[in-house]
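Numbering (this note's numbering), first residue to last: 104 to 295. Built from N, CA and C at the ideal position, the CB exists for glycine as well. In this text the structure is predicted, and so the values were computed from the model without any measurement.
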């Protein structure tokens with residue numbers, strides 16, 4: 104019997120690595136940044152880096168139209184998309200369009216960061232570092248506020264397409280719980 108690991112190894116060039124990474128299921132997020140014109144992009148590189156202190160990261164191509172805004176931003180929004188938000192993910196992955204035009208639903212949040220309505224969860228983060236690696240920047244950010252749905256199924260990217268978990272609950276209206284003293288209404292302040 105032949106298994107995938109019985110195949111001969113391949114040199115780890117760009118094409119081979121891209122093919123291998125298609126086997127990894129990744130959470131789909133939209134990152135937004137304030138500016139004269141708001142910026143935003145779809146990413147599958149979002150991850151938790153540290154819990155103490157809380158630090159998350161995402162990566163962005165230095166040639167991306169969103170990079171200039173992210174390079175200057177002191178705060179960004181990270182929005183975890185729900186399974187049914189494939190069209191929103193496609194919108195923020197498309198070049199040369201106004202990603203914030205209708206039907207995208209959003210509002211200016213704290214620090215002027217664009218907050219997308221109906222996301223499964225979102226974090227308002229303070230950018231703490233940007234590290235250039237190859238043709239990308241790794242952005243490290245500290246969550247300051249967050250909001251999440253009680254239940255829902257995340258949007259995933261796997262084998263070159265959007266998908267989701269099977270058996271997950273459907274998203275409900277987002278809400279905040281465990282509010283600390285005096286955060287903006289409805290947000291969880293994770294800095295205290």
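Can you tell me which of 199, 242, 211 puts its alpha carbon nearest to the alpha carbon of residue 296? As displayed, the chain neither begins before 104 nor continues past 295, which places residue 296 out of reach and without an answer.
Cβ-based neighbour list, residue 146, same chain, cut-off 6 Å, excluding 5 preceding and 5 following: 132, 134, 161
Distance between residue 125 and residue 245 (C-alpha atoms, nearest Å): 29 Å
Helix, strand or coil for residue 155 per DSSP? coil
Report yes if the CB atom of residue 142 is closer than 8 Å to the CB atom of residue 173, and no otherwise. yes
In terms of residue numbering, what span does the beta strand (DSSP E) encompassing residue 171 cover? It is not in any beta strand (DSSP E) - residue 171 instead sits in the alpha helix (DSSP H) that spans 170-175.
Could you name the residues of the same chain whose beta carbon sits closer than 6 Å to that of residue 188, not counting the 5 residues immediately before and after it, in chain order? 258
Is residue 186 near residue 267, with beta carbons less than 8 Å apart? yes
When DSSP builds the beta bridges, which residues end up paired with residue 235? 240
Since I believe residue 230 is in contact with residue 158 (beta carbons under 8 Å), could you give me their beta-carbon distance rounded to a whole number of angstroms? Contact doesn't hold; Cβ gap of about 11 Å is too wide.
For residue 213, the three-state DSSP class (helix, strand or coil): helix
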